[in-house]
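K.L.:
Submitted below is the structure of interest, expressed as structure tokens.
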Amino acid sequence: MAHRFKSDLTWSDVTPENVFLNRRAFMAGSAAMVAGGIAGPAFAASNYSTKEEPNTWDEITNYNNFYEFGTGKSDPAEYAGALTTSPWKVEIGGMVDKPGDYSFEDIMAAMTVEERIYRFRCVEAWSMVIPWNGFELADLLNMAGVQSGAKYVAFETLVRPEEMWGQKRNFVPWPYREGLRLDEAMHPLTIMATGIYGKDIPNQNGAPMRLVVPWKYGFKSIKSIVKITLTDKQPEASWNMIQPREYGFYSNVNPEVDHPRWSQASERRVGGGLLAKRIPTQMFNGYADEVAGLYEGMDLTKNF
Ligand code: MTE
């Protein structure tokens, strides 16, 4: 499956003026150049991208959580190849103007893919820096037309035990599900990732389309999504269903609120080696300037 970028911009379209006039088209343009193997700037840096050194492809694709394929960190890389990701459709429903089944191809044709280099912090206190390719979730929700009463967005991963052996066990009540408040879902940092390092996102990372919410613990970033529902009720979320005392609905990265069984004050950057010094965890995973306002007035020790 070739990576699908919306834009067919050529080199001449990607002039410095266009960078200013249309930052997002530029992203898509440079992405298309990479996909086509044309030499040029790899990807323009997004304002939202960190300048930290990204983890390697091998680290990002061999150390995963994807319980549909087992609970070990190397299980997803070993077993996720069994998942058929084409054809793929996403059912968008609930409080939207245009409910229906959207094919992955139709979604990609309508979306603008750009690179976002984000910190990624798992609730287990390991972290990575990942150069995702993806589009803003807001663009997809706007395409479906969000109705005025909608307050939350619910997401589900596909159920296909023939291909996802972990679904024959009760590690998690399947389907894996997650949810966001509508304003979190519409925030420009929230993306649907479809690639890593300019390549199609590998199955173990959530092909063909997975959520990435960089200021929340990694388990909110649900993989291989087949259903998106706009609703006025707080949706069910898998880890919150399993152990609500340990995993809140919000699950914003917060060094001041410890997990009941371990500290969240610091983290281990994957790839640094076992002897590497832990690094301090940042409030909202370092995205406080962008997102703290979403939680103004909330007690984050209660709404954890
Ligand atoms: N999505 C599904 N469907 N199933 C899962 O088990 N694990 C979550 C999240 N999304 C998970 C999932 C957890 S706990 C984390 S930390 C991230 O995916 C891991 O993403 P990565 O493997 O791409 O680093």
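Going by the numbering used here, the sequence shown opens with residue 1039, and the numbers climb by one from there.
The beta-carbon is built from N, C-alpha and C at its ideal position, and this holds for glycine as well.
Give the secondary structure of L1332 by DSSP, where H, G and I count as helix, E and B as strand, and everything else as coil.
P.N.:
Three-state DSSP puts L1332 in a helix.
K.L.:
What span of residues does the beta strand (DSSP E) with A1231 cover, start to end?
P.N.:
Element bounds for A1231: I1229 to I1234.
K.L.:
Please list, in chain order, all residues of the same chain as E1216 whose beta carbon is under 6 angstroms from its beta carbon, the five residues on each side excluded.
P.N.:
Around E1216: F1193, K1258, I1260 and A1275.
K.L.:
How about E1153 and N1171: are their beta carbons less than 8 angstroms apart?
P.N.:
It is a contact, given that the beta carbons lie within the stated cut-off.
K.L.:
In the structure shown, what three-state DSSP assignment does L1179 receive?
P.N.:
Residue state, collapsed to three classes: helix.
K.L.:
Inspect the beta-carbon positions of R1159 and Y1255 and report whether they are closer than 8 angstroms.
P.N.:
Yes.
K.L.:
So who's on the other strand from H1297, going by DSSP bridges?
P.N.:
Answer is W1300.
K.L.:
Whose C-alpha, out of T1232, Y1333, F1209 and D1238, is nearest the C-alpha of W1253?
P.N.:
Comparing Cα positions, the closest option is Y1333.
K.L.:
Does the ligand MTE have a heavy atom nearer than 7 angstroms to the CB of T1006?
P.N.:
As displayed, the chain neither begins before 1039 nor continues past 1342, which places residue 1006 out of reach and without an answer.
K.L.:
Which residues does DSSP list as the beta-bridge partners of K1127?
P.N.:
The partner list for K1127 (beta bridge, DSSP) reads S1141.
K.L.:
Assign V1329 to one of two classes, buried (16 or more other C-beta atoms within 10 Å of its C-beta) or exposed (fewer than that).
P.N.:
The residue in question, V1329, is buried, as its Cβ has 16 or more Cβ neighbours within 10 Å.
K.L.:
For my contact list, K1189 and D1270 are in at a C-beta cut-off of 8 angstroms; report their separation, rounded to the angstrom.
P.N.:
Rounded, the Cβ-Cβ distance is 5 angstroms, consistent with contact.
K.L.:
Strictly under 8 angstroms for the Cβ-Cβ distance: is Y1255 near chain D by that measure?
P.N.:
Checking the listed chains, one finds no chain D in this structure; it contains a single protein chain.
K.L.:
Tell me the DSSP secondary structure of G1309 in three-state form.
P.N.:
Reduced to three states, the DSSP call for G1309 is coil.
K.L.:
Pairing CB atoms from the region 1173 to 1189 with CB atoms from the region 1229 to 1243, are three or more of them under 8 angstroms?
P.N.:
Touching, yes, given that three or more Cβ pairs across the two stretches are closer than 8 angstroms.
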